[in-house]
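Residues in the sequence shown are numbered consecutively from 0, following numbering that gives the first Met the number 0.
For every residue, glycine included, the Cβ atom is placed at its ideal position computed from N, Cα and C.
Owing to the predicted nature of the structure, the values given are computational and were not obtained by experimental measurement.
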Amino acid sequence: MTPPPHQPHARRQSNMNIGLIGLGKMGNNMRARLKNAGIDVVGYDTNPAVSDVPDLKALAAALPAPRIVWVMVPAGAITDSVIHDLAEVLDEGDLIIDGGNSKWTEDFKHSEFLAPKGIQFMDAGVSGGVWGLENGYGLMVGGTAENVERAMPIFDALRPEGPRDEGFVHAGEVGAGHYAKMVHNGIEYGIMQAYAEGYELLDAKKDIIKDVTGTFKAWQRGTVVRSWLLELLVRALEADPEFHDIQGYVEDSGEGRWTLEEAIENAVPMPAISASIFARFVSRQEDSPSMKAVAALRNQFGGHAVKELD
0 MTPPPHQPHA RRQSNMNIGL IGLGKMGNNM RARLKNAGID VVGYDTNPAV
50 SDVPDLKALA AALPAPRIVW VMVPAGAITD SVIHDLAEVL DEGDLIIDGG
100 NSKWTEDFKH SEFLAPKGIQ FMDAGVSGGV WGLENGYGLM VGGTAENVER
150 AMPIFDALRP EGPRDEGFVH AGEVGAGHYA KMVHNGIEYG IMQAYAEGYE
200 LLDAKKDIIK DVTGTFKAWQ RGTVVRSWLL ELLVRALEAD PEFHDIQGYV
250 EDSGEGRWTL EEAIENAVPM PAISASIFAR FVSRQEDSPS MKAVAALRNQ
300 FGGHAVKELD
């Protein structure tokens with residue numbers, strides 16, 4: 000079941016500008032969705048073929064003050080470098096939103112670094128992967144109420160159609176958005192692992208189960224296990240029912256590990272999520288059918304690379 004396409008005329012904005020840094024798989028689609036909503040976007044990427052401006056200084060010059068700049072680059076050293084570079088070209092009153100998968104503790108560092116310069120900071124957990132252009136992005140943000148209100152036209156343009164509180168949350172102060180996204184991804188690990196193990200059992204019982212793909216497809220309506228992830232698994236099965244072209248090797252993002260670290264720190268039991276993460280470690284030791292299913296799912300929703308068999 001393919002979700003309905005985004006309606007480009009919906010929630011159109013005027014006199015709204017944003018700078019967007021990082022025009023990869025998600026960033027480029029976000030730029031298109033923002034433009035579809037009537038927001039003027041100035042995009043920058045190290046790849047000149049997709050960039051609107053040659054550098055960050057030009058990006059700042061192209062935006063009317065006070066500026067809003069959304070950073071959508073890989074977490075860690077790259078995000079840190081971009082934020083430090085932006086601090087040199089932005090002015091007091093400007094706002095930086097980190098929409099990548101940064102660890103929530105990094106948000107405190109970035110906010111404190113920018114504060115003496117008078118530059119505001121927010122963090123945004125973003126879910127939607129390569130499907131976000133059509134479906135919209137689930138958003139979890141952290142920051143002050145004033146900055147949330149200031150950036151709300153941007154959030155409204157990016158989130159899915161329908162009630163705002165079903166696709167957007169102001170989760171709390173700085174750090175809360177990435178913390179919420181971290182837990183979201185931990186839950187995602189557990190759901191994918193459950194589907195994958197179910198697939199392996201059905202596939203192992205071919206003397207009784209004659210249509211594995213059809214079984215999963217029949218769960219898409221009316222059952223308590225229906226979900227978008229299930230729909231994506233069906234897509235993957237229909238394309239390659241036996242996952243012949245995929246290795247059962249699955250990476251784990253930092254967010255899954257961070258979720259477990261927080262669970263230990265706060266004495267919160269997480270047997271399902273922890274088991275799903277350890278299962279990914281197993282995938283690097285043997286080529287299991289369930290891990291092929293998880294690899295296929297990650298490729299479906301996020302465009303994550305899979306290892307193809309020779």
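| Asked | Found |
| --- | --- |
| 8 Å Cβ cutoff met for alanine 114 and glycine 141 | no |
| Helix, strand or coil at glycine 26 [DSSP, three-state] | helix |
| The segment 66-76 contacting the segment 15-22, beta-carbon criterion three pairs below 8 Å | yes |
| Bounding residues of the alpha helix (DSSP H) (the contiguous stretch that carries methionine 191) | 175-203 |
| Identified DSSP bridge partners for methionine 139 | Gly124, Val168 |
| C-alpha gap between lysine 216 and lysine 108, whole angstroms | 46 Å |
| Straight-line Cα distance separating phenylalanine 280 from asparagine 14 | 49 Å |
| Inter-residue spacing [alpha-carbon to alpha-carbon] between isoleucine 263 and glutamate 105 | 19 Å |
| Glutamate 87 versus proline 63 - alpha carbon distance | 17 Å |
| Alanine 278 vs alanine 235 beta-carbon contact at 8 Å | no |
| Local conformation of leucine 229 per DSSP, three classes | helix |
| Run of the alpha helix (DSSP H) containing asparagine 298, from where it starts to where it stops | 288-301 |
| Same chain, Cβ closer than 8 Å to serine 50, neighbours up to 5 away in sequence not counted | Leu22, Gly42, Tyr43, Asp44 |
| Beta-carbon proximity list for alanine 203, same chain, < 7 Å, skipping 5 on both sides | none |
| Beta-carbon proximity of aspartate 122 to aspartate 97, cut-off 8 Å | yes |
| Glutamate 260, buried or exposed, once every other Cβ within 10 Å from all chains shown has been counted against 16 | exposed |
| Local Cβ density within 10 Å of threonine 222, reported as buried at 16 or more and exposed below that | exposed |
| At least 3 beta-carbon pairs within less than 8 Å: the segment 247-261 vs the segment 172-192 | yes |
| For aspartate 90 and lysine 24, the rounded distance between their alpha carbons | 29 Å |
| Delimiting residues of the beta strand (DSSP E) encompassing tryptophan 69 | 67-70 |
| Per DSSP, the bridge partner or partners of leucine 19 | Gly42, Trp69 |
| Coil, strand or helix - leucine 62 by DSSP | coil |
| Burial state of glutamate 187, where buried means 16 or more other Cβ atoms lie within 10 Å | buried |
| Spatial neighbours of serine 282 in its chain, beta-carbon cut-off 6 Å, leaving aside the 5 residues before and after | Gly247, Tyr248, Val249, Met290 |
| Beta strand (DSSP E) segment containing isoleucine 207, residue limits | No beta strand (DSSP E) contains isoleucine 207, which DSSP labels as neither H nor E. |
| Contacts around glycine 311, its chain only, beta-carbon distance under 6 Å, and the 5 residues preceding and following it disregarded | Any question about residue 311 goes unanswered here, given that the chain covers just 0 to 309. |
| Buried or exposed (CB count within 10 angstroms, at least 16 for buried), glycine 161 | exposed |
| 6 Å Cβ shell around glutamine 119 - same chain, five flanking residues per side excluded | Leu94, Asn146 |
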